[in-house]
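Here the structure is laid out as structure tokens; the discussion comes afterwards.
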Amino acid sequence: MRTMMILGLACLACGAAAQDWKTQNGDMPFEASALSERLSGRTLVFFDDGRSVFESNGQYQYTYGGGGTWYGHWQVAADSVVCVTFVTGVERCDRIVENGGRLVMQTVDGMRFPVREIEAHS
């Protein structure tokens, strides 16, 4: 399944902070300020070549492998949760943790997407 489907479709923000994120051994959540600092001004590249761009001004872009881009704004919530409100009005929240030195995006439905690389940008 493409990361695009995970990042761009249904509104999953409702009750995101209260979700059972189906954590795995070794998952280490971030404090909100630490996660914001970790993401701000960086692009997360997933193994399917999907790219989540977290601009330092709060703007967000997700481009999936093969094309197509979703635009929005991001913010960090409690419990290592990142919420994106897309320009379409759709909002979704995912949890980003570190496990074994790698960032992993967790969805509310229990899917996990490891980050292949992190690129810094200005």
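Quick note: the sequence shown uses our numbering, first residue 184, plus one each step.
Built from N, CA and C at the ideal position, the CB exists for glycine as well.
Remember, it's a predicted structure, so these values are computed and weren't measured experimentally.
- DSSP places SER239 outside both helix and strand once states are collapsed to three, so it counts as coil.
- The beta strand (DSSP E) runs lying completely inside the segment 237-302 and spanning 3 residues or more are 242-246, 252-259, 264-269, 274-282 and 285-289, given in chain order.
- Bounds of the alpha helix (DSSP H) holding GLU220 are 215-222.
- Inter-residue distance for PHE237 and GLY283 is about 22 Å (C-alpha atoms, whole angstroms).
- When the beta-carbon positions are compared, VAL265 and TRP257 come within less than 8 Å of each other.
- Judged by DSSP in its simplified three-state form, PHE229 adopts strand.
- Exclusion of the five residues before and after GLN242 leaves HIS256 as the residues of its chain whose Cβ lies within less than 7 Å of its Cβ.
- Cβ contact annotation for GLY293 (same chain, cutoff 7 Å, sequence separation greater than five): LYS205, in chain order.
- In the assembly as shown, ILE301 is an exposed residue. Its beta-carbon has fewer than 16 other beta-carbons within 10 Å.
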